[in-house]
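Notes follow once the structure below has been shown.
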Amino acid sequence: MHDFVHRYPHFLEVLYDFTVRVVSLFKPWLKPGGTTERFFVWFEKLTKGPMFHCHTCGQCVLHSTGMMCPMECPKNLRDGPCGGVRANGHCEVKPEMKCVWVRAWENAQQMPTYGYELLMIMPPHNWALTNTSSWINMMTGADQENPKGWLPNHDPLALKDRFYISQAGQS
Ligand code: SF4
Numbered sequence: 001m002h003d004f005v006h007r008y009p010h011f012l013e014v015l016y017d018f019t020v021r022v023v024s025l026f027k028p029w030l031k032p033g034g035t036t037e038r039f040f041v042w043f044e045k046l047t048k049g050p051m052f053h054c055h056t057c058g059q060c061v062l063h064s065t066g067m068m069c070p071m072e073c074p075k076n077l078r079d080g081p082c083g084g085v086r087a088n089g090h091c092e093v094k095p096e097m098k099c100v101w102v103r104a105w106e107n108a109q110q111m112p113t114y115g116y117e118l119l120m121i122m123p124p125h126n127w128a129l130t131n132t133s134s135w136i137n138m139m140t141g142a143d144q145e146n147p148k149g150w151l152p153n154h155d156p157l158a159l160k161d162r163f164y165i166s167q168a169g170q171s
C-alpha cells in the first residue's frame, strides 16, 4: 500500500488537508493522555502505518517532507539527505532501500501546496513525544515546542518562491 499511495503525492497532500479539517472539528475534546489519546494512537497506527510506515513519533511532518515519513530514514534525520546517498539514489545504511529523501524530493515536485516546505530546516525530533498522538499534539501545539536552543532560520515565503522558481527553470 505504501508504494501505491506514493505514486500520488498530490492526492496525499489533499488528504492531509482533509484530515486536518476533520481532526480540527474535535479539537475541544482532544487532550493528551487517557482513552482519547489511546484511541488516536491506535487509529493513527491503523491508517498511517500501512500508508506511510508510521513509527508513531508523535510529531508528524509528512506534508513538509514530500509525504515521506522521516522516521523511515535509518538515521531518523529530519533534514536529509545525509552525505551518504549512493550514486543510484539508495541509502548507505540499507543499500536495498531508496533514500527516503530522494523519494521526498521526487514527491515534492508533484505537490503544488506543500512541496516547497521540503526546503525548510526542521527542528530535531522531540523524542519525548514518541508513542503519543501526532494529531492531538498538532491540535494542542505540543508538536511545535522546539528543543531549547533551536532557532528557526527560514523564511517560509522566501523558500516558497525559491522552490517554485527552480521548478519552473527545470521545465
Ligand atoms: S512523521 Fe511521525 S507521525 Fe508522521 S508518519 Fe512519520 S512517524 Fe508517523
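Here the numbering used here is used: the first residue of the sequence shown is 1, the next is one more, and so on.
Note that beta-carbon positions come from the ideal geometry of N, C-alpha and C, so glycine has one too.
Exposure label - residue i; buried when at least 16 CB within 10 Å
i, result
"arginine 103", "buried"
"threonine 130", "exposed"
"phenylalanine 11", "exposed"
"phenylalanine 26", "exposed"
"threonine 47", "exposed"
"asparagine 146", "exposed"
"proline 70", "buried"
"proline 9", "buried"
"arginine 78", "buried"
"glycine 84", "exposed"
"glycine 169", "exposed"
"threonine 65", "buried"
"glycine 34", "exposed"
Assumed close pair residue i, residue j - CB separation to whole angstroms, cut-off 8 Å
i, j, result
"histidine 63", "glutamate 13", "6 Å"
"methionine 139", "leucine 15", "The pair is not a contact, with the Cβ atoms about 18 Å apart (cut-off 8 Å)."
"threonine 132", "valine 20", "At roughly 18 Å, the Cβ-Cβ gap does not stay under 8 Å, so threonine 132 and valine 20 are not in contact."
Cβ pair residue i, residue j closer than 8 Å
i, j, result
"cysteine 73", "tryptophan 101", "yes"
"methionine 67", "histidine 6", "yes"
"glutamine 109", "glutamine 59", "no"
"lysine 75", "valine 93", "yes"
"tryptophan 188", "valine 23", "Given that the chain is displayed from residue 1 to residue 171, the structure contains no residue 188 and the question cannot be resolved."
"alanine 142", "proline 32", "yes"
"threonine 56", "glutamate 44", "yes"
"arginine 162", "leucine 118", "no"
"glycine 89", "cysteine 99", "yes"
"methionine 51", "histidine 2", "yes"
Counterpart residues of residue i in DSSP-defined beta bridges
i, result
"histidine 90", "Lys98"
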